[in-house]
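Please read the structure below before turning to the comments.
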Amino acid sequence: MYPREKRLNISIDALRQEFPITERCIYLDHASTGPLPRSSAERMAEFVNRLTYELPDSEEIMGIVEETREEIAKLVGAGKDEIALTKNTTSGILIAIGSIEFAPGDNVIIQKGCFPTNQYPWHYLLPEVEKRTLDPLRPIPEQLATLVDDRTRAVSVDLVDYLTGVRIDLGEVKGSLRPDVFLVVDGIQAVGAVEIDLGPVDFMACGSGKWLLSPHGTGFIYVKKSQLERVRLSNIGWLSSHWDDFTHFEIKPLKQTAARYEEGTYNYPGLVGMNESMKMFNRIGIGNIASSIRKLCDFILEGIDRNKFTIITPKNRAGIVTVRPACDVKELKRLLDEKNIVVSERMGCLRISPHFYNTEVEIEELLEILNSASTCEHRQNRNSGQEPVTLLG
């Protein structure tokens, strides 16, 4: 659980000083890539520059590692012993798969249409395991009642869908499973944008290059403490054990925490930047951040012309608002690009994903262009060969 947070006592102008990208564009594409805060970039540059003339000792380096772990744990409401540092979301999913024992004839339930990060490893690493699909846009308990049987070993979902923005109710999923079925979560589109209850979760993998505004090549996996003794060993390397010195290399006992999954040398420059970004998130408070993002998303949904756009994103959402324009989406994206407003074009839709440092003034500029979509010369081509997006009520 998260502690009750104080009202944010930082001006939006002060926050925006951390993001030089605001000086050149209106950036509303955090579901794609998050810009690096100024302080994180400066600390990374200082660290890398030091490496040209001075090498930090191991005590300093490991201090950065452990401090980063603690900041992540604080952000997501976990114990620090439940956090392992990784390089991206995929590496976390691989750890989860390797930690669960599967046998031929077992099955795993995977979210329909989820990002490839949460599909490819299950498909190719477990050819002998049946794959069943869960549609996040349909009632979950009813589906799981027919999908889960005595050979189900895990359910793996994206907490927030990368396209529609639908947010899965993890408690609803876990409540529909036997206690011995693992719940694996891809959290990259949620962590840093919303508060998360990890109670139902066994594994949550998350890269840090989107909503967490951290360097690519950094991330983490949460592993529920009560599962650490239950799961099989996976992703083991020399740093899975404690080392007092490098003069005796006999086999040592493994760490009894999630840190045992950290198999080898860390991405130190990346962790320096991630560390600074995590501190910023915790200073502001994830509750304050989530509230700001929610208000901006509401502002978009309240202001957009429903006669010109179909809203794809449902009420149970996080920081993504996806809309389908009646006019040609590529032309509309070009108009936005010309005005230096950055969003994503995905499958005939526009995906808008603001963060806490964005403003209502920026959203008003976006809406002015979107609601003038009648100026587009061409209507949306419904036969463009793109896979249709399921519409929501």
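Anchor point for the sequence shown: position 22 equals 10 in the working numbering, and the numbering is continuous, going up by one each time.
Backbone N, C-alpha and C fix where the C-beta goes; we use that ideal spot for every residue, glycine too.
Note that the structure is predicted; figures quoted are calculated from it, not measured.
Limits of the beta strand (DSSP E) - the one that residue i falls within
i: Y210; result: G207 to V211
i: C285; result: Taken as a continuous stretch (DSSP letters only), C285 belongs to no beta strand (DSSP E), being part of the alpha helix (DSSP H) at I274 to G291.
i: E333; result: S332 to R334
i: L171; result: F170 to D174
i: E118; result: E118 to L122
Nearest-angstrom Cα separation, counted from residue j out to residue i
i: M50; j: R218; result: 28 Å
i: Y254; j: F208; result: 12 Å
i: F191; j: G336; result: 33 Å
i: I0; j: S280; result: 11 Å
i: N263; j: A133; result: 42 Å
i: V53; j: G22; result: 22 Å
i: T105; j: P241; result: 32 Å
i: N37; j: H204; result: 19 Å
i: T310; j: E319; result: 17 Å
i: A72; j: G175; result: 14 Å
i: S332; j: H18; result: 9 Å
i: G93; j: E70; result: 31 Å
i: L289; j: Q5; result: 27 Å
i: V349; j: L324; result: 15 Å
i: K212; j: F287; result: 36 Å
i: E89; j: S228; result: 20 Å
i: P115; j: M32; result: 42 Å
i: E250; j: S79; result: 11 Å
i: T245; j: S87; result: 14 Å
i: T152; j: K303; result: 11 Å
Contact set for residue i: own chain, Cβ-Cβ below 7 Å, skip 5 residues either direction
i: W110; result: I85, V96, I98, K119 and S144
i: R(-8); result: Low per-residue confidence applies at R(-8): pLDDT is 46, beneath 50, and the placement is therefore not dependable enough to give any value.
i: E375; result: Confidence is the limiting factor: at E375 the pLDDT is only 45, short of 50, which leaves the residue's position unreliable and the question unanswerable from this model.
Among the options, the one whose alpha carbon lies nearest that of residue i
i: N346; options: E34, W231, Y15 and V330; result: Y15
i: R26; options: I277, L122, I292 and L3; result: L3
i: D168; options: A178, V148, L147 and R139; result: R139
i: L63; options: Y150, V179, V136 and L158; result: V179
i: V154; options: K100, S164 and S202; result: K100
i: A29; options: G258, T40, I340 and D123; result: G258
i: A181; options: Y41, E348, I128 and S341; result: S341
i: P44; options: Y256, N304 and A314; result: Y256
Own chain partners of residue i with C-beta closer than 8 Å, once the 5 adjacent residues on each side are dropped
i: Y(-10); result: No answer about Y(-10) holds up, because its pLDDT of 46 lies below 50 and its placement is not dependable.
i: T202; result: Here the sequence assigns Ser to residue 202, which means Thr is not the residue at that position. So the list reads G22, L24, S28, S196, G258, G261, M262, S265 and M266, once near-sequence residues are dropped.
i: V317; result: E333, G336, C337, L338 and Q368
i: G291; result: I351, E352, L355 and N359
Residue interval of the alpha helix (DSSP H) (run including residue i)
i: A2; result: I0 to R4
i: T298; result: Where T298 is concerned, there is no enclosing alpha helix (DSSP H), although the beta strand (DSSP E) it sits in stretches over F297 to I299.
i: Q131; result: I128 to L135
i: T78; result: T77 to S87
i: N95; result: Not the alpha helix (DSSP H): N95 falls in the beta strand (DSSP E), residues N95 to Q99.
Contact set for residue i: own chain, Cβ-Cβ below 6 Å, skip 5 residues either direction
i: K162; result: L171 and P188
i: C102; result: D146
8 Å Cβ cutoff, residue i in contact with chain B
i: M335; result: No chain B is present in this structure, which holds just one protein chain.
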